[in-house]
Amino acid sequence: MKQLKPVLWTKGTFLTPQHLQVQDRFIEDALNFRLQALKFCPWGFRELAINAELLAEGQFAVTRATGIFPDGLLFEIPEADPPPPSKSLEEFFEPGAKDLDIYLAIPDYRQRGLNVSTGKEGGTRYLAEVTAFRDENTGASEKPIQVARKNMRLLADSENREGSSVLRIANVERTPAGTFQLNPRFIPPLIEIGASEYLVGLLRGMVELLSARSTQLSAGRRQKNQSLADFTASDIANFWLLYTVNSSFPSFSHLYESKMGHPEELYAAMIALGGALTTFSQKLRPRDLPLYVHDSLGPVFSELDEKLRSLLETVVPTNLVSLPLKLTQESIYSTAIDHDKYLVNTRMYLAVSAETSEETVIQKVPQLVKVCSATHIEHLVRQALPGVQLRHLTSPPSAIPVKLKYQYFALNQSGPAWEAVNRARNFAAYVPGELPNPTLELLILLPQSS
92 MKQLKPVLWT
102 KGTFLTPQHL
112 QVQDRFIEDA
122 LNFRLQALKF
132 CPWGFRELAI
142 NAELLAEGQF
152 AVTRATGIFP
162 DGLLFEIPEA
172 DPPPPSKSLE
182 EFFEPGAKDL
192 DIYLAIPDYR
202 QRGLNVSTGK
212 EGGTRYLAEV
222 TAFRDENTGA
232 SEKPIQVARK
242 NMRLLADSEN
252 REGSSVLRIA
262 NVERTPAGTF
272 QLNPRFIPPL
282 IEIGASEYLV
292 GLLRGMVELL
302 SARSTQLSAG
312 RRQKNQSLAD
322 FTASDIANFW
332 LLYTVNSSFP
342 SFSHLYESKM
352 GHPEELYAAM
362 IALGGALTTF
372 SQKLRPRDLP
382 LYVHDSLGPV
392 FSELDEKLRS
402 LLETVVPTNL
412 VSLPLKLTQE
422 SIYSTAIDHD
432 KYLVNTRMYL
442 AVSAETSEET
452 VIQKVPQLVK
462 VCSATHIEHL
472 VRQALPGVQL
482 RHLTSPPSAI
492 PVKLKYQYFA
502 LNQSGPAWEA
512 VNRARNFAAY
522 VPGELPNPTL
532 ELLILLPQSS
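The opening position of the sequence shown corresponds to residue 92 in the working numbering, with each subsequent residue numbered one higher.
Set out below in structure tokens:
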């Protein structure tokens with residue numbers, strides 16, 4: 092029961108230790124009540140470090156830990172509080188057991204019972220400890236003061252935790268070699284994301300994936316001018332997918348850069364992104380996304396990360412295939428045509444950009460650029476034979492994402508040179524020096540029914 096009644100300080104009150112104890116308890120309980128009312132799950136670790144060397148030897152020891160117990164008690168190891176005694180792991184691993192949960196525990200506060208013991212060990216919440224303090228104003232007159240040291244200890248999963256406030260601190264695995272290691276996917280209850288390396292790594296991967304997906308989707312935009320993108324009805328789904336990704340990226344980036352957010356903030360960002368992305372999925376629905384469980388964060392974030400990655404890999408169906416041409420020999424750019432369907436009832440276009448004026452590209456490409464299969468392009472150039480005919484398009488088909496500084500040319504899909512492309516299943520273009528530093532893409536429009 093919380094002590095939310097303040098002491099009445101009146102004239103003539105005979106001061107006893109109980110007055111100060113009740114007042115301290117009132118201040119502490121009022122603060123905890125306010126914190127729990129304003130913040131979701133305000134308990135867990137803010138920092139955490141386990142001694143890896145001792146763990147390899149079968150001893151579990153805490154190097155550093157700061158945070159808040161579920162009952163509101165603050166701790167800071169090792170600055171303000173000494174580390175709890177280390178724990179031998181071997182005796183708590185049952186035969187055949189592969190893992191073991193370890194808890195940081197402290198006895199509960201007893202409203203009408205013993206809370207402080209004077210010995211080095213005891214089942215009380217605090218241990219009495221004498222510490223010398225100087226006068227904070229003068230810096231002199233050092234006096235011994237009795238303070239309450241927190242009686243924290245480590246408990247294994249099989250030990251009795253009744254009557255204690257606990258935080259699950261780690262999941263220890265036994266390796267095939269018989270040694271011990273921390274489960275890398277375990278996430279303890281946290282009040283700051285940065286306390287878990289696994290969660291920070293998961294967040295970093297999500298930021299990188301969102302950035303890559305944004306870049307990929309942005310490449311499919313048509314450009315009206317230098318600063319304005321354009322979308323047509325045929326790629327409206329890609330627009331909304333890009334909007335969803337770009338809307339979420341700043342929140343994830345901020346959480347990763349600060350690493351100070353509560354894990355529920357990261358969960359909220361991930362669940363919002365996941366819910367929006369289910370719009371584009373045939374398999375997942377918003378109700379399929381996991382619920383937040385503060386004392387079991389590992390399974391929650393692992394499942395959510397897996398489903399978000401699956402959703403972000405969703406490709407909105409399109410009938411456009413873009414094959415960039417790479418420089419394979421001097422002045423010769425080529426690409427493979429890997430699928431037979433790319434050559435059946437399709438329309439093909441060549442997108443060309445070069446470090447020269449648009450007028451030059453429009454004029455010179457049909458005259459100077461030779462197109463054929465990669466197998467026959469050199470013979471075509473040496474013999475000065477005609478290649479696939481190119482025709483400039485002032486208005487490319489709406490399915491093609493028009494980009495600035497690119498000009499688009501339709502391919503005449505007939506004749507000997509085109510038959511060579513069909514047989515060889517590859518494509519090449521010879522671009523002379525009059526078109527400096529060219530960039531070329533073969534664009535294939537598939538039939539809508541494919």
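Cβ atoms here follow ideal geometry from the backbone N, Cα and C, with glycine treated the same way.
{"Query": "DSSP state of I284, grouped into three classes?", "Result": "helix"}
{"Query": "Out of curiosity, what's the CA-to-CA distance linking G135 and T229?", "Result": "38 Å"}
{"Query": "Apart from the five residues just before and just after C463, which ones in its own chain have a Cβ nearer than 7 Å to its Cβ?", "Result": "L471, G478, V479, A508, A511, V512, A519"}
{"Query": "Helix, strand or coil: which one does DSSP assign to Q272?", "Result": "strand"}
{"Query": "Alpha carbon to alpha carbon, what distance is there between L537 and K432?", "Result": "8 Å"}
{"Query": "Three or more C-beta pairs closer than 8 Å, one from the segment 415–433 and one from the segment 160–172: is that the case here?", "Result": "no"}
{"Query": "Could you give the C-beta distance for I284 and L375, rounded to a whole number, given that I count them as a contact under 8 Å?", "Result": "No, I284 and L375 are not in contact; Cβ-Cβ is about 25 Å, not under 8 Å."}
{"Query": "Beta-carbon within less than 8 Å of P176's beta-carbon, same chain only, minus the 5 sequence neighbours each way: which residues are those?", "Result": "R244, L245"}
{"Query": "Can you tell me whether DSSP reads Y358 as helix, strand or coil?", "Result": "helix"}
{"Query": "Report the three-state DSSP secondary structure of M92 (helix, strand or coil).", "Result": "coil"}
{"Query": "Under 7 Å from any heavy atom of the ligand FMN, does the C-beta of E446 make it?", "Result": "What this structure holds is no ligand at all, so the ligand FMN is not there to describe."}
{"Query": "Any chance you could list the alpha helix (DSSP H) runs of at least 4 consecutive residues sitting entirely within the segment 383–434, in chain order?", "Result": "388–403"}
{"Query": "Using DSSP with H/G/I as helix, E/B as strand and the rest coil, what is R265?", "Result": "strand"}
{"Query": "Do you know how far the Cα of N251 is from the Cα of S393?", "Result": "29 Å"}
{"Query": "Where does W100 land, buried or exposed, given buried means 16+ other C-beta within 10 angstroms?", "Result": "exposed"}
{"Query": "Using a 10 Å radius around the Cβ and a threshold of 16 neighbouring Cβ atoms, would you call T209 buried or exposed?", "Result": "exposed"}
{"Query": "Kindly provide the ranges of any beta strand (DSSP E) runs that are 3 or more residues long and lie completely inside the segment 114–171, ordered along the chain.", "Result": "135–141, 153–159, 165–168"}
{"Query": "Please confirm whether F124 and V98 have their CB atoms less than 8 Å apart.", "Result": "no"}
{"Query": "Evaluate contact between the segment 436–443 and the segment 520–533, counting only Cβ atoms and requiring at least three cross-stretch pairs below 8 Å.", "Result": "yes"}
{"Query": "Among all the DSSP beta bridges, which residues are the ones paired with D190?", "Result": "E264"}
{"Query": "How is L245 classed by DSSP in three states: helix, strand or coil?", "Result": "strand"}
{"Query": "At what residues does the alpha helix (DSSP H) containing S342 begin and finish?", "Result": "327–349"}
{"Query": "What residue range does the beta strand (DSSP E) around T222 cover?", "Result": "217–224"}
{"Query": "Measure the CB-CB distance between R304 and L403 and report whether it falls below 8 Å.", "Result": "yes"}
{"Query": "Can you tell me whether T104 is buried or exposed? The criterion is at least 16 other CB atoms within 10 Å of its CB, across all chains shown.", "Result": "exposed"}
{"Query": "If you count every other CB in all the chains shown that lies within 10 Å of the CB of A547, and 16 or more means buried, which is it?", "Result": "Residue 547 lies beyond the stretch modelled for the chain, which goes from 92 to 541, so this question has no answer here."}
{"Query": "Whole angstroms are fine: how far does the CA of A359 sit from the CA of R400?", "Result": "16 Å"}
{"Query": "Please determine, among F330, I428, P341, the residue with the shortest C-alpha to C-alpha distance to E299.", "Result": "P341"}
{"Query": "Three-state secondary structure (DSSP) at V452?", "Result": "helix"}
{"Query": "Under the three-state reduction of DSSP, which class applies to I535: helix, strand or coil?", "Result": "strand"}
{"Query": "Let me know if Q307 comes out buried or exposed under the rule of 16 or more other beta-carbons within 10 Å of its beta-carbon.", "Result": "exposed"}
{"Query": "Determine the extent of the beta strand (DSSP E) in which A442 is found, giving its start and end residues.", "Result": "438–444"}
{"Query": "What first and last residue would you give for the alpha helix (DSSP H) that runs through N517?", "Result": "From DSSP, N517 is part of no alpha helix (DSSP H) but of the beta strand (DSSP E) over 517–521."}
{"Query": "When you compare only the Cα positions, how much space is there between Y497 and R295?", "Result": "35 Å"}
{"Query": "Relative to the alpha-carbon of A261, which residue among S339, G524, L146, P108 has its alpha-carbon at the smallest distance?", "Result": "L146"}
{"Query": "Could you check what DSSP says for Q237 in three-state terms: helix, strand or coil?", "Result": "strand"}
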